[in-house]
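Visitor:
Protein chains in written order, with this note's numbering: chain A, 1 to 266; chain B, 267 to 575.
(1) Just checking: is the beta-carbon of residue 279 of chain B within a distance shorter than 9 Å of some beta-carbon in chain A?
(2) Buried or exposed: residue 16 of chain A, going by 16 or more other Cβ atoms within 10 Å of its Cβ?
(3) Name the chain A residues that come within less than 9 Å of residue 321 of chain B, Cβ to Cβ?
(4) What first and last residue would you give for the alpha helix (DSSP H) that runs through residue 258 of chain A?
(5) Nearest-angstrom Cα distance between residue 447 of chain B and residue 363 of chain B?
(6) Using DSSP with H/G/I as helix, E/B as strand and the rest coil, what is residue 483 of chain B?
(7) Quick check: the stretch 203–218 of chain A against the stretch 128–144 of chain A, are at least 3 beta-carbon pairs closer than 8 Å?
(8) Confirm the yes/no value for this check: CB of residue 438 of chain B, any heavy atom of the ligand FMN, distance under 8 Å.
(9) Closer than 7 Å, Cβ to any Cβ of chain A: which residues of the stretch 309–343 of chain B, in chain order?
(10) When DSSP labels each residue in this structure, what does residue 236 of chain A get in the three-state scheme?
(11) Cα-Cα, which of B:291, B:275 and B:292 is closest to residue 284 of chain B?
(12) Specify, as a first and last residue, the run of the beta strand (DSSP E) that residue 458 of chain B falls within.
(13) Quick one, are the C-beta atoms of residue 426 of chain B and residue 345 of chain B less than 9 Å apart?
(14) Whole angstroms is fine: what's the gap from residue 575 of chain B's alpha carbon to residue 77 of chain A's?
(15) With 9 Å as the threshold, decide whether the Cβ of residue 351 of chain B is near any Cβ in chain A.
(16) So for residue 266 of chain A, helix, strand or coil by DSSP?
(17) Evaluate contact between the stretch 64–71 of chain A and the stretch 220–239 of chain A, counting only Cβ atoms and requiring at least three cross-stretch pairs below 8 Å.
(18) Between the stretch 4–18 of chain A and chain B, which residues of the former have a C-beta closer than 9 Å to a C-beta of the latter?
(19) Tell me the rounded alpha-carbon separation between residue 567 of chain B and residue 460 of chain B.
(20) May I ask you to verify whether the stretch 383–400 of chain B touches the stretch 291–308 of chain B, counting CB pairs closer than 8 Å and requiring at least 3?
(21) Would you report the Cα separation of residue 318 of chain B and residue 324 of chain B, rounded to the nearest angstrom?
(22) Could you please tell me which residues of the stretch 85–97 of chain A, in chain order, have their CB closer than 7 Å to any CB of chain B?
(23) With distance defined between alpha-carbon atoms, name the residue in B:334, B:480, B:498 and B:552 nearest to residue 571 of chain B.
(24) To the nearest angstrom, how far is the alpha carbon of residue 44 of chain A from that of residue 395 of chain B?
(25) Looking only at its own chain, which residues have a Cβ that is under 7 Å from the Cβ of residue 25 of chain A, when we skip the five neighbours before and after it?
(26) I believe residue 555 of chain B touches residue 494 of chain B by the beta-carbon criterion, under 8 Å. Please report the beta-carbon distance rounded to the nearest angstrom.
(27) Below 8 Å between beta carbons is the criterion; list the residues of the stretch 399–417 of chain B that meet it against any residue of chain A, in chain order.
(28) Taking 9 Å as the threshold (beta carbon to beta carbon), is residue 83 of chain A in contact with chain B?
(29) Is residue 526 of chain B helix, strand or coil when you go by DSSP?
(30) Can you list, in chain order, the residues of its chain with a C-beta nearer than 7 Å to that of residue 122 of chain A? Leave out the 5 residues immediately preceding and following it.
(31) Just curious, the beta strand (DSSP E) that residue 417 of chain B is in, first and last residue?
(32) Identify the continuous beta strand (DSSP E) that holds residue 556 of chain B and give its terminal residues.
(33) Using a Cβ cut-off of 7 Å, pull out every chain A residue sitting near residue 366 of chain B, in sequence order please.
(34) In this structure, how does DSSP classify residue 518 of chain B when only helix, strand and coil are distinguished?
(35) Using the beta-carbon count (16 or more within 10 Å), is residue 190 of chain A buried or exposed?
(36) Closest Cβ-Cβ distance between residue 348 of chain B and chain A: below 9 Å?
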């Protein structure tokens with residue numbers, strides 16, 4: 001398994017996707033650190049709000065990592081026929097999947113860790129202290145990496161084309177689930193606790209003191225002598241429930257990905 | 267001694283389509299077997315089942331006596347395979363690919379290093395050992411794939427269309443390489459649709475069509491019957507032609523030119539020698555006597571209907 005991980009990492013390190021992630025990360029950090037003083041607004045002097053502000057794009061980074069390093073990890077072996085070389089070896093397929101998953105996780109965790117490291121350094125340099133719960137936020141981000149990668153691997157095991165698995169992974173976590181989250185909260189008034197993206201809210205919510213709780217408020221509007229009331233709900237994932245949801249996504253996604261890959265024919 | 271490759275009623279269905287129907291094949295160790303058939307005959311399906319890339323819907327397949335379906339890891343331990351034209355990871359070099367596959371197979375690092383040099387040298391890729399595969403030609407990739415199949419010194423080599431997609435020089439080189447491997451103790455099972463290639467390289471031939479094995483015999487046995495073209499010095503008369511038709515072991519005679527006959531002969535070398543003596547005794551001065559087609563070609567065309575081949 002370590003052998004598979006080693007060579008998968010080597011492939012990532014020599015590929016263009018890691019470079020794209022690094023460039024994207026650099027752009028995000030430059031925007032966060034260069035734009036405020038340039039436009040004269042200055043930095044946030046509260047370490048907690050500064051940190052959560054800088055980490056605002058962590059979700060996008062994790063989705064991109066899952067898309068680049070997980071969504072075609074399995075399907076490419078079948079589609080590009082590299083599996084013809086790999087699978088006839090005296091090695092069990094679950095070992096190959098596990099080795100690949102560890103490599104995808106390591107490279108994604110590396111990108112996330114780099115984001116947090118630069119953020120922490122910037123906050124310490126500018127505000128003089130580290131925001132409370134930064135380490136917890138980092139751990140939750142890592143949990144999200146595991147959950148989202150497992151689903152990316154599941155898509156990769158199911159589809160025959162890497163284009164489908166890449167597009168579906170990206171749009172599921174970038175568009176479809178966020179739409180369900182937003183619709184649930186603002187229109188249908190239900191708490192979308194079961195989605196992975198809603199659960200990932202704990203990564204940034206943990207910076208709020210005290211930890212936020214669900215709230216509903218009624219707003220009255222008057223128009224043409226008619227008064228209408230609207231109920232606005234704001235939902236937050238509880239940490240325990242969110243971690244449980246992420247864990248379930250990870251377990252189900254990963255086990256199914258392993259099973260489908262094992263059964264899949266070339 | 268355990269047979270190298272055995273299939274027992276091996277079958278594979280894709281939906282309603284029978285890709286393979288009750289294939290029974292036994293390949294003894296140390297020989298080279300050519301697996302012939304038109305496109306879609308079941309050649310690649312057989313090879314993919316043998317290399318655990320497909321699961322059969324019926325029957326069994328054994329490599330060195332080990333069931334491929336039940337114990338793929340153990341069965342494949344002594345097998346080197348090149349299935350179709352595998353794409354190799356473009357980010358890695360041949361040396362790295364061999365190291366990767368060698369480690370997957372549990373080989374010691376020193377052994378991998380030593381064997382990598384040996385097999386890359388064997389396939390003439392040692393000079394490119396540390397160049398990334400991304401820029402390699404199909405022929406170069408095929409040679410690296412063959413090197414990877416040889417790395418762990420397996421007893422069985424399985425090649426699926428090993429010369430497909432190669433330029434003429436590449437085809438000659440790969441064929442030469444397989445001939446060299448044949449000189450050693452490998453059992454070689456190779457699919458091909460190049461009949462002359464199989465006749466040149468293999469000891470035995472299996473012809474499959476519509477998933478069914480049509481014939482499996484030695485090249486020597488299959489070479490005993492065929493069409494021969496006889497060219498005489500002078501024009502052959504109708505009477506001489508009729509006499510030739512009546513000779514023993516002659517199935518048919520067709521005049522293709524005034525001094526040329528296409529004779530369908532039954533029998534081995536001895537019968538053909540006798541036939542030539544008889545022809546000479548008829549007063550025909552023979553300038554040339556040669557097979558019109560290769561014997562394998564002849565059998566293939568007879569067994570595989572025109573619309574399929």
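Positions of the beta carbon are idealized from the N, C-alpha and C atoms, including for glycine.
Computed from a predicted model, the values in this text were never measured in an experiment.
Guide: For this structure:
(1) Taking the first residue of the second chain as 1, we reach residue 279 of chain B at position 13. Under the Cβ criterion of 9 Å, residue 279 of chain B is not counted among the residues facing chain A.
(2) Working through the first chain from its first residue, we reach residue 16 of chain A at position 16. It counts as exposed.
(3) The sequence position of residue 321 of chain B within the second chain is 55, counting from 1. Within 9 Å Cβ-Cβ: 263 and 265.
(4) Here residue 258 of chain A refers to the residue found at position 258 of the first chain. That run of the alpha helix (DSSP H) goes 239–263.
(5) The sequence position of residue 447 of chain B within the second chain is 181, counting from 1. The sequence position of residue 363 of chain B within the second chain is 97, counting from 1. Approximately 21 Å between the Cα atoms of the pair.
(6) On the second chain, position 217 is the one that residue 483 of chain B refers to. Strand, per DSSP.
(7) yes
(8) Absent from the structure shown: the ligand FMN. Ligands present: none.
(9) 314, 317, 318, 319, 320, 321, 339, 342 and 343
(10) Numbered from its first residue, the first chain carries residue 236 of chain A at position 236. If DSSP states are grouped into helix, strand and coil, residue 236 of chain A belongs with coil.
(11) Numbered from its first residue, the second chain carries residue 284 of chain B at position 18. The option with the nearest alpha carbon to residue 284 of chain B is B:275.
(12) Start at 1 with the first residue of the second chain, and residue 458 of chain B comes out as number 192. Run containing residue 458 of chain B: 453–458, per the beta strand (DSSP E) assignment.
(13) Sequence index remark: in the second chain, residue 426 of chain B carries index 160 (1-based). Sequence index remark: in the second chain, residue 345 of chain B carries index 79 (1-based). Going by C-beta atoms, residue 426 of chain B is not nearer than 9 Å to residue 345 of chain B.
(14) Locating residue 575 of chain B in the second chain gives position 309, counting from the first residue. Locating residue 77 of chain A in the first chain gives position 77, counting from the first residue. For residue 575 of chain B, the pLDDT reaches just 48, beneath the cut-off of 50, and the residue's location in the model is therefore unreliable, although a value from the coordinates is still provided. Those two C-alpha atoms are separated by around 31 Å.
(15) As a working mapping, residue 351 of chain B is identified with position 85 in the second chain. Chain A, which has a Cβ nearer than 9 Å to the Cβ of residue 351 of chain B, makes this yes.
(16) One-based indexing of the first chain puts residue 266 of chain A at position 266. In the three-state scheme derived from DSSP, where H, G and I count as helix and E and B as strand, residue 266 of chain A is classed as coil.
(17) no
(18) 4, 6, 7, 10, 11, 12, 13, 14 and 15
(19) As a working note, residue 567 of chain B is residue 301 in the second chain. As a working note, residue 460 of chain B is residue 194 in the second chain. Residue 567 of chain B and residue 460 of chain B: Cα-Cα distance of roughly 13 Å.
(20) no
(21) Start at 1 with the first residue of the second chain, and residue 318 of chain B comes out as number 52. Start at 1 with the first residue of the second chain, and residue 324 of chain B comes out as number 58. So the two alpha carbons sit approximately 14 Å from each other.
(22) 85, 87, 88, 89, 90, 91 and 92
(23) As a first step, residue 571 of chain B must be located in the second chain, where it is residue number 305. With distances taken between Cα atoms, residue 571 of chain B lies closest to B:480.
(24) On the first chain, residue 44 of chain A is found 44 positions in, with the first residue counted as 1. On the second chain, residue 395 of chain B is found 129 positions in, with the first residue counted as 1. Those two C-alpha atoms are separated by around 54 Å.
(25) Locating residue 25 of chain A in the first chain gives position 25, where the first residue counts as 1. Same-chain partners within the cutoff: 61, 111, 114 and 115.
(26) Taking the first residue of the second chain as position 1, residue 555 of chain B is located at position 289. Taking the first residue of the second chain as position 1, residue 494 of chain B is located at position 228. About 6 Å; that satisfies the 8 Å criterion.
(27) 411 and 414
(28) Your numbering for residue 83 of chain A matches position 83 in the first chain. Yes - at least one Cβ of chain B is within 9 Å of the one on residue 83 of chain A.
(29) Here residue 526 of chain B refers to the residue found at position 260 when the second chain is read from its first residue. Note: residue 526 of chain B maps to strand in three-state DSSP.
(30) On the first chain, position 122 is the one that residue 122 of chain A refers to. Hits under 7 Å: 33 and 54.
(31) Locating residue 417 of chain B in the second chain gives position 151, where the first residue counts as 1. Note, residue 417 of chain B: premise wrong, no beta strand (DSSP E); not H, not E.
(32) On the second chain, residue 556 of chain B is found 290 positions in, with the first residue counted as 1. It spans 552–557 - the beta strand (DSSP E) in which residue 556 of chain B sits, taken as one unbroken run.
(33) As a first step, residue 366 of chain B must be located in the second chain, where it is residue number 100. Correct list: 3 and 7.
(34) Taking the second chain and counting its residues from 1, one reaches residue 518 of chain B at position 252. The answer is strand: DSSP assigns residue 518 of chain B an E or B state.
(35) For the purposes of this step, residue 190 of chain A is taken as the residue at position 190 of the first chain. It is exposed - the Cβ of residue 190 of chain A has fewer than 16 other Cβ atoms within 10 Å.
(36) Here residue 348 of chain B corresponds to residue number 82 of the second chain, with the count starting at 1. With 9 Å as the cut-off, residue 348 of chain B counts as an interface residue toward chain A.
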